[in-house]
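Everything on this sheet refers to the single structure shown next.
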Amino acid sequence: MEHYSRAMAWRFFLFRFSLLFLFLSLICVPAVLSAKKKPPLKPVNINAANSEELQQVPAIGPATAEKILQMRKSYGAFKTVDDLLAIRGLGAKRLEKMRKYLTVGKPPQAKSGALPAKTSPPTEKPPDKP
399 MEHYSRAMAW RFFLFRFSLL FLFLSLICVP AVLSAKKKPP LKPVNINAAN
449 SEELQQVPAI GPATAEKILQ MRKSYGAFKT VDDLLAIRGL GAKRLEKMRK
499 YLTVGKPPQA KSGALPAKTS PPTEKPPDKP
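Residue numbering for the sequence shown follows the numbering used here, beginning at 399 and increasing consecutively.
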């Protein structure tokens with residue numbers, strides 16, 4: 399008879415443990431789901447964005463952002479968002495998740511307020527007026 403009560407105690411323990419686990423899981427799920435990355439309010443220009451800006455896009459983490467920046471540095475400005483398919487590890491399915499958050503604009507230009515290059519003074523003396 400003692401054997402029977404131990405088995406019942408064990409089952410009761412497992413039942414309580416399962417309920418506790420289920421309860422904690424239900425509490426934690428909303429926290430995990432709300433921790434998802436919020437997409438940017440406007441599309442990110444892949445020709446001008448820095449790493450932090452690129453990481454605002456769903457499906458772009460630090461490693462992918464760095465690959466995008468390296469490709470832009472090596473090959474120049476992107477012509478279309480589809481150019482990102484050349485990045486290793488970035489396939490068509492993943493690109494479709496990101497596409498609505500990306501745009502291809504002009505790369506940033508050098509600031510126009512830069513000083514012009516210094517010119518050297520003329521070496522010849524202008525002729526004297528009579």
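The beta carbon of each residue, even a glycine, is placed where N, CA and C say it ideally should be.
Own chain, CB closer than 8 Å to residue i, minus 5 neighbours either side, in chain order
i: Leu467; result: Asn448, Ser449 and Leu452
i: Pro519; result: Below a pLDDT of 50, predicted positions are generally treated as unreliable, and Pro519, at 47, falls in that range; the measurement from the model is reported next regardless. Closer than 8 Å at the Cβ level, and outside the excluded window around Pro519, lies no residue.
Residue i burial status per 10 Å Cβ neighbour count (16 or more: buried)
i: Ala463; result: buried
i: Leu483; result: exposed
i: Tyr499; result: buried
i: Gly459; result: exposed
C-beta atoms of residue i and residue j nearer than 9 Å
i: Lys471; j: Arg486; result: no
i: Ala461; j: Lys504; result: no
i: Thr478; j: Val442; result: no
Cβ-based neighbour list, residue i, same chain, cut-off 7 Å, excluding 5 preceding and 5 following
i: Lys495; result: Pro456 and Ala457
Self-check item: Segments of 4+ residues assigned as alpha helix (DSSP H) that fall wholly inside the region 472–504
Solution: 490–496
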